[in-house]
Amino acid sequence: MGGKDSGVTEATTDILLESAYFAPQGIRRTSRRTALSSDSSYRFERGVDPAGVLTASAFAVELILEIAGGTAEAETRVAGEAPVLTKPVALDEKKLDQLMGGSISLTAAEEILTRLGLSKLADGTWSVPSFRADLQRHIDLVEEIARVHGLANVPSRFLGTFVPTSPVDAAYDADMVLRRRLAALGLHECQTIKLISDAQVSDVLPLRPLQDGDIIRVKLPLSEDHVVMRPSIVPGLIASAVRKCQATGEGRLRLFEMGRIFRNAGGGKAKDQESETLAILLSGSAMPSGWSQADRTADLYDLNGILSALLGDRKISFAPKDRAGFALGSDIKVADQTIGIFARLAPARERELDFTAPVYVAELDLGKLRKLLTGVSHAEDLPQFPGSSRDAAMELPISTANAKIEAIIEKVTEPLLISAECFDVFTDASGAKIAADRKSVAYRFIYRDSSRTLKAEEVDAAHQKVLEALTKGLGATFR
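The opening position of the sequence shown corresponds to residue 19 in the numbering used here, with each subsequent residue numbered one higher.
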């Protein structure tokens, strides 16, 4: 910034002291253009008292002589004239009375202005001191009077008026429901900055894959850590998890954050886009340590449980979909709608960040989540009649995703089928018990009628209908 050659050292004997006033607009423009900010520019950008230049100079000389000793020249040379930034301002008595609700007299108001350094002129206007350049209008004087008089002393003239519910209110209410549910599930809310570093871009988990030009960069970043407008909240959560591990040694991590993300639409070919998402991070033990349960590392099923608690009885499924830099990537779906993305941090990246357990992250579209939370949730009545279960182990290609199985079961028009759950998966890499490229997936199906007890023949017929749908849709063979 300069000053190296003109700075004061232990060998300095003569000093030329300059005290000046600079226009805020020019200082601000130059500071931004050069990306340099100093204590001096910070003050001049916000305006200083031009009439205080000589006073400040004299005071600085006095301090130097008092602290460092020496003598000062008697003459002070002046160049130019200090600009006048203030002008007389009129105080409207009627508007003052109206705005203050008659709580203060004109005499008391004028006394307040006098104590603040203003003086009343012959024409009734008020002369403003040079150090109060913010007082330019009648309302500015009223604001000062109200501040000193006290807003608590100004009577209220209006009661609260009815305001109809708006979409903003509905969004806020939905977000608070999500926050309460996540906190009740043991997650901690984070608030991270909306700017990330270039190194953190590799941790981005976007709902839609990024194209060239989608990243929005800051033209004049404040530091190397704040150069990119985040296209995902996940990098901030990962950084928070790293700091929490380093600071406390905490290995069990349960974090979430709601906020805005930023990206160029269509690879920068259209205008910038902002959207709101919910990000979740899980790592470490699935449950707090205790004598009554064995330690287990959190995984995809724990995230599925969290989402189920958020969305109630809505069916959630995972459709595998790769994401660069992550493992186990998959889309999160409710019915046929994709609401988010799930993945595990790449093991190499976990080791690089010194995580001792797998790190699972998810990012969900907050707008879609809000729509799923609309309406009143009702608890189902306890069943009055017993249900019947049937197990089925199907042999499938090893690459078959569970989401395909669930999609076919979901489409089966069988009113007696109330639930289906996978309880076992068997593979054998050696090919001794089952072909190496095949797997056995076992499901338990529950059948029930809410009005009567089912007969065995009815359950068998309904179960056969489900098996036929799986055979037709997947080519499954049953063991």
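Backbone N, C-alpha and C define an ideal beta-carbon position, used for all residues, glycine too.
Asp158 and Asp57 have their C-alpha atoms spaced approximately 28 Å apart. Under DSSP, Leu387 forms no beta bridge with any residue. Within the same chain, and ignoring the five residues on either side of Asp409 in sequence, the residues whose Cβ sits closer than 6 Å to its Cβ are Arg462.
A contact between stretches requires three or more CB pairs, one per stretch, nearer than 8 Å, and the segment 267-284 meets this requirement with the segment 218-233.
Around the Cβ of Gln218, a 10 Å sphere holds 16 or more other Cβ atoms; the residue is buried. DSSP links Leu300 through a beta bridge to Arg272 and Tyr378.
If you look at Pro415, you'll find it in the beta strand (DSSP E) that goes Ser406 to Pro415.
Segment contact: the segment 207-214 against the segment 245-256, three or more CB-CB distances shorter than 8 Å; contact assigned. Annotation for Thr125: no beta strand (DSSP E) segment contains it, though the alpha helix (DSSP H) segment containing it runs Leu124 to Arg133. In the three-state scheme derived from DSSP, where H, G and I count as helix and E and B as strand, Gly493 is classed as coil.
One Cα belongs to Glu111, the other to Lys105, and the distance between them is close to 19 Å.
Membership of Glu161 in any beta strand (DSSP E) is not indicated; the residue belongs instead to the alpha helix (DSSP H) covering His156 to His167.
Between Pro42 and Gly65, the gap from beta carbon to beta carbon is short of 8 Å.
The beta carbon of Pro68 is closer than 6 Å to those of Tyr39, Ala100 and Pro101 in its chain, skipping five residues each way along the sequence.
Nearest C-alpha to Glu28 among Ala76, Glu80 and Ala86: Ala86. Pro338 has Ser348 as its beta-bridge partners, per DSSP. Taking C-beta separations shorter than 6 Å and ignoring five residues to either side along the sequence, the partners of Ile464 in its chain run Gly405, Ser407, Ile436 and Ser437, following chain order. Apart from sequence neighbours up to five positions away, no residue of its chain approaches Asp372 with a beta-carbon distance below 6 Å. With 16 or more neighbouring CB atoms inside 10 Å of its own CB, Met412 falls in the buried class. For Gly358, the enclosing beta strand (DSSP E) starts and ends at Gln355 to Leu363. Bridge pairing for Met247: Leu213 and Ile234 [DSSP]. Per the DSSP secondary-structure output, Phe463 pairs in a beta bridge with Arg408 and Ala438.
In the DSSP annotation of this structure, the continuous segment of the alpha helix (DSSP H) that includes Ser49 starts and ends at Pro42 to Thr52. Note: Gly277 is bridge-paired with Thr295 in the DSSP secondary-structure output. Take the alpha-carbon of Leu434 and the one of Gly178: they are about 54 Å apart. Contact between the segment 113-130 and the segment 90-100 is not established, with fewer than three Cβ pairs separated by less than 8 Å.
Secondary structure of Glu91 (DSSP, three-state): coil.
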